Amino acid sequence: MNREVGNGRSPSRTLLILILAIVVLVAAVILIAPQMPRLRDFDQTFYPAARYTLAGENPYTAEYIETDQGAPPDFFSPAWLLPILVPFGLLPQEIARTVWVLFLVGVTSAALLQMQAWGFRGLRPLLLILLPWALITLLFGQVTPLVLLGTIWAINLLRIPYSVTPNATRNTQYDLPKLIIAFLLIGIKPQLGIFIAAPLLLEMLWRRDRRLIGLSIVGGLLLGLTLLITPPWLISKAAAVQEITAPLWKSTLERELTLWGWPLWLAQPVRLLVVLVMARWAWLQKGTSPLWWAGWLTAVLIITPYTRAYDGILLLPILGLMVMHRRWQLALFVGIMALYIQLPIGELGSVVASLTLWLLFIPWPGLLAGSLPAPFVANWSNK
Numbered sequence: 001m002n003r004e005v006g007n008g009r010s011p012s013r014t015l016l017i018l019i020l021a022i023v024v025l026v027a028a029v030i031l032i033a034p035q036m037p038r039l040r041d042f043d044q045t046f047y048p049a050a051r052y053t054l055a056g057e058n059p060y061t062a063e064y065i066e067t068d069q070g071a072p073p074d075f076f077s078p079a080w081l082l083p084i085l086v087p088f089g090l091l092p093q094e095i096a097r098t099v100w101v102l103f104l105v106g107v108t109s110a111a112l113l114q115m116q117a118w119g120f121r122g123l124r125p126l127l128l129i130l131l132p133w134a135l136i137t138l139l140f141g142q143v144t145p146l147v148l149l150g151t152i153w154a155i156n157l158l159r160i161p162y163s164v165t166p167n168a169t170r171n172t173q174y175d176l177p178k179l180i181i182a183f184l185l186i187g188i189k190p191q192l193g194i195f196i197a198a199p200l201l202l203e204m205l206w207r208r209d210r211r212l213i214g215l216s217i218v219g220g221l222l223l224g225l226t227l228l229i230t231p232p233w234l235i236s237k238a239a240a241v242q243e244i245t246a247p248l249w250k251s252t253l254e255r256e257l258t259l260w261g262w263p264l265w266l267a268q269p270v271r272l273l274v275v276l277v278m279a280r281w282a283w284l285q286k287g288t289s290p291l292w293w294a295g296w297l298t299a300v301l302i303i304t305p306y307t308r309a310y311d312g313i314l315l316l317p318i319l320g321l322m323v324m325h326r327r328w329q330l331a332l333f334v335g336i337m338a339l340y341i342q343l344p345i346g347e348l349g350s351v352v353a354s355l356t357l358w359l360l361f362i363p364w365p366g367l368l369a370g371s372l373p374a375p376f377v378a379n380w381s382n383k
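Its first residue numbered 1, the sequence shown is counted upward by one per residue in our numbering.
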């Protein structure tokens with residue numbers, strides 16, 4: 001008689017279920033692959049970069065086919081993205097494209113489930129994947145979900161030594177490898193990662209978190225190795241690509257000001273205001289909180305000099321937390337965006353969405369009065 005395991009299933013039965021699940025998944029991928037639409041960025045940049053790497057060529061200096069996006073699809077991502085991409089390069093392109101989408105769905109789901117530590121319950125956060133700001137990321141085959149996962153993961157790891165749980169700081173040294181991986185994921189998109197990592201590192205420095213030493217050493221080494229294999233002109237080329245690219249191709253403040261015919265210098269005061277407001281919020285609550293981080297991820301999309309609609313997946317935390325804490329503001333946001341997209345220039349992926357969400361989410365009365373309302377004053381140290 002087979003000995004049953006604690007959950008009532010024998011190991012052989014569990015293995016059989018696992019094998020059947022894998023077979024069904026593989027069959028589904030094969031059936032879906034021919035119908036899968038092209039994923040612009042995956043097809044034109046990430047998949048070729050993986051193939052060049054497998055062929056022993058430098059993906060940073062290889063030739064990429066001109067695209068319909070107004071700029072060469074050259075590979076500008078940090079070298080540590082390549083180990084993630086290379087396995088997909090082993091597959092035929094149709095299959096790789098389908099598996100990549102499933103991979104991104106899994107990464108996004110993992111990020112949202114990590115937000116259970118932020119107050120979410122059950123599997124309901126997974127419904128956020130159905131929002132347009134997540135779907136457009138999947139349709140482009142972009143890597144921003146990896147940045148989202150790394151961000152939520154890093155925030156949760158930093159929460160441990162700042163809590164009042166007994167012996168919480170005893171095992172934080174074992175979190176260092178996880179923290180390094182989380183920061184590597186954040187750094188996959190430097191134009192976003194720099195702004196995300198900055199408050200994380202500042203809080204670690206403020207809290208005298210000893211993990212910052214190991215993180216700095218490993219981060220410096222990896223950055224140095226990346227610079228060894230990237231041509232010295234890569235950064236200047238990336239800047240040149242932004243110059244030749246039409247402003248309407250982006251989702252920045254400058255794009256919106258151009259569309260409305262307003263002076264571009266207005267973008268800088270807006271960015272400064274956003275940073276100052278977020279700094280005051282953190283100062284009043286003596287640290288960060290889940291609500292602060294949701295607001296900051298939205299702020300990153302406002303202050304970054306380069307972003308596109310597919311980076312809007314970083315809005316999922318603020319949208320989820322607004323469902324929990326700010327429902328009437330969420331309803332107002334939906335109404336504003338419904339009106340905005342009726343305009344000839346209206347797009348859901350515009351910076352208007354990020355800016356509107358941010359303005360509605362910020363606890364303005366508390367910030368002006370110097371006293372935040374209850375849900376906004378919650379700090380990690382109070383958990």
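Cβ coordinates follow ideal geometry from the N, Cα and C atoms, glycine included. Here the structure is a predicted model, which is why all the values come from computation and not from measurement.
query	result
Neighbourhood of residue 326 by C-beta distance below 8 Å, restricted to the same chain and skipping five residues each side	360, 361
DSSP three-state assignment for residue 88, whether helix, strand or coil	helix
Proximity to residue 134 [Cα-Cα], best of 329, 320, 369	320
Cβ-Cβ separation, residue 314 to residue 148 (assumed contact under 8 Å), whole Å	6 Å
Residue of 306, 370, 39 minimising C-alpha distance to residue 192	306
Complete alpha helix (DSSP H) runs within the region 249–299 (minimum length 4 residues, chain order)	253–260, 267–284
Contact between the region 125–141 and the region 88–108 (3+ Cβ pairs under 8 Å)	yes
Classification of residue 244 by the beta-carbon crowding that lies within 10 angstroms, buried from 16 upward	In this predicted model, residue 244 has a pLDDT of only 49, less than 50, meaning its place in the structure is not dependable enough to derive any value.
DSSP three-state assignment for residue 58, whether helix, strand or coil	coil
Cβ-based neighbour list, residue 54, same chain, cut-off 8 Å, excluding 5 preceding and 5 following	86, 89, 90
CB-CB length for residue 287 against residue 203, believed under 8 Å	7 Å
The region 78–85 contacting the region 216–229, beta-carbon criterion three pairs below 8 Å	yes
Rounded straight-line distance, which links the Cα of residue 56 to that of residue 295	43 Å
Cα-Cα separation between residue 260 and residue 196, rounded to whole angstroms	29 Å
Residue 356 - containing alpha helix (DSSP H), residue span	351–361
Inter-residue CB distance, residue 352 and residue 340 (contact presumed, cutoff 8 Å)	6 Å
Contact check, residue 274 vs residue 318, beta carbons under 7 Å	no
Residue span of the alpha helix (DSSP H) that contains residue 178, given as start and end	176–186
N-terminal and C-terminal residue of the alpha helix (DSSP H) that residue 77 is part of	Taken as a continuous stretch (DSSP letters only), residue 77 belongs to no alpha helix (DSSP H), as it is neither H nor E.
Beta-carbon proximity check, residue 129 vs residue 151, cutoff 7 Å	no
Beta-carbon contacts of residue 345 that lie in its chain and below 6 Å, excluding the five residues immediately before and after	259
Enclosing alpha helix (DSSP H) for residue 191 [first to last residue]	190–206
Neighbour-count burial assignment, residue 165, 16 or more Cβ in a 10 Å radius	The pLDDT assigned to residue 165 is 46, lower than 50, so where the model puts this residue is not dependable, and the model offers no usable value.
Buried versus exposed, by CB contacts within 10 Å (16 or more), residue 256	buried
7 Å Cβ cutoff met for residue 384 and residue 290	Since the first residue of the chain shown is 1 and the last is 383, residue 384 is not available in this structure.
Local conformation of residue 343 per DSSP, three classes	coil
Residue 305 in three-state terms, based on DSSP	coil
Among 250, 98, 214, nearest to residue 181 - alpha-carbon criterion	214
Length of the line joining the Cα atoms of residue 280 and residue 367	7 Å
Residue 404 - DSSP class collapsed to helix/strand/coil	An answer regarding residue 404 cannot be provided, because it is not within the stretch 1 to 383 covered by the chain.
Selected residue, minimal CA-CA separation from residue 208, among 183, 221, 158	158
Under the three-state DSSP convention, the category residue 312 falls into	helix
Backbone CA spacing between residue 211 and residue 176 [nearest angstrom]	6 Å
Cβ-Cβ separation, residue 285 to residue 372 (assumed contact under 8 Å), whole Å	6 Å
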